[in-house]
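Student:
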Amino acid sequence: MERDEVYIPKTREDLRIADGDLVREIDYEEIFGDTPIYTLYMLIRQQLLAFPAYLLFNVSGQKNYPKWTNHFDPNSILFTHGQRRAVIISNIGIAAMVWAVSQACSTYGIANVIKYYGKLNSERIVVMITYLHHTDPILPHYRGKEWNFQRGAAATIDRNFLGWQGRFFLHDVAHYHVIHHFFPKMPFYHGREATQHLKAFIGDHYVYSDKPAFQALWEVYNKCQFVENTGS
Numbered sequence: 057m058e059r060d061e062v063y064i065p066k067t068r069e070d071l072r073i074a075d076g077d078l079v080r081e082i083d084y085e086e087i088f089g090d091t092p093i094y095t096l097y098m099l100i101r102q103q104l105l106a107f108p109a110y111l112l113f114n115v116s117g118q119k120n121y122p123k124w125t126n127h128f129d130p131n132s133i134l135f136t137h138g139q140r141r142a143v144i145i146s147n148i149g150i151a152a153m154v155w156a157v158s159q160a161c162s163t164y165g166i167a168n169v170i171k172y173y174g175k176l177n178s179e180r181i182v183v184m185i186t187y188l189h190h191t192d193p194i195l196p197h198y199r200g201k202e203w204n205f206q207r208g209a210a211a212t213i214d215r216n217f218l219g220w221q222g223r224f225f226l227h228d229v230a231h232y233h234v235i236h237h238f239f240p241k242m243p244f245y246h247g248r249e250a251t252q253h254l255k256a257f258i259g260d261h262y263v264y265s266d267k268p269a270f271q272a273l274w275e276v277y278n279k280c281q282f283v284e285n286t287g288s
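FYI, in this note's numbering the residues of the sequence shown are 57 to 288.
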């Protein structure tokens, strides 16, 4: 809870939900499960706004970071001193693309840019994949001394995201994500082989799901609303 960078779950206190032993037992299925229209609205909002909100305002990021933490400030706590130059270059590149897209909108029209420019679709895929990688009812979140690198790295899940299409077009990014946590600099094309060795080494700590992606998204969002205020 204190060391993760993104998709850190809200606590019961964050959502102002009373403890279950106060006055009467709360039916959370009634609160969270019986509102499909609201759930759909929240999922659409997440898919459209989550990534820019995280980059700009550290939404769903580490709560212990300074208030104005973002991914565009070269001096942000998110980056090391050696990464600052890369952040500046990235910012220049983003500014250039914003200009180019705005020029394209003026020349070809907004509708055509939305139709042919792939960023909108790729961003949705990134948000969906990363959310499902780091969120699931069976994944643990550790506090304090219970956390270590190995436990934190294993607290993610490989998913059969869009089947062969995910493998071919997304280069197995969803299928072999656990190994990425342990070896973040390893080339993606070694993911399959390395995962087999990792599974043999960590055993039951390796988590995999073959549930269809959109079914998983719906179920995970409904079931993973908060964690308790205390606990290891």
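In this text, a Cβ means the ideal position worked out from N, Cα and C, and glycines have one as well.
Would you give the residue range spanned by the alpha helix (DSSP H) that G219 belongs to?
Tutor: 219-225
Student: Please state the DSSP three-state secondary structure of S178.
Tutor: helix
Student: Assign I235 to buried or exposed, taking buried as 16 or more other Cβ atoms, counted over all protein chains shown, within 10 Å of its Cβ.
Tutor: It is buried - the Cβ of I235 has at least 16 other Cβ atoms within 10 Å.
Student: So, under 8 Å CB-CB, S116 and I64 are touching, yes? Tell me the CB distance rounded to an integer number of Å.
Tutor: 6 Å
Student: Out of R199, R207, R248, P240, point me to the one whose CA is closest to V223's CA.
Tutor: Correcting the residue identity first, residue 223 is Arg in this sequence and not Val. When each option's Cα is compared against that of R223, the closest is R248.
Student: First and last residue of the alpha helix (DSSP H) that includes M153?
Tutor: 140-164
Student: Could you pull out every residue in the same chain whose Cβ sits closer than 8 Å to the Cβ of I166, ignoring the five residues on either side in sequence?
Tutor: none
Student: Any idea which residues DSSP pairs T67 with across the strands?
Tutor: Looking at the DSSP assignment, T67 forms a beta bridge with V283.
Student: Along the alpha helix (DSSP H) that carries V234, what are the first and last residues, could you check?
Tutor: 234-238
Student: Classify L254: buried if its beta carbon has 16 or more other beta carbons within 10 angstroms, exposed otherwise.
Tutor: buried
Student: Within a Cβ cutoff of 6 Å, which residues of the same chain sit near R215, ignoring the five residues on either side of it in sequence?
Tutor: L188, A230, S265
Student: So, is I144 buried or exposed, given that buried needs 16 or more other C-beta atoms within 10 angstroms?
Tutor: exposed
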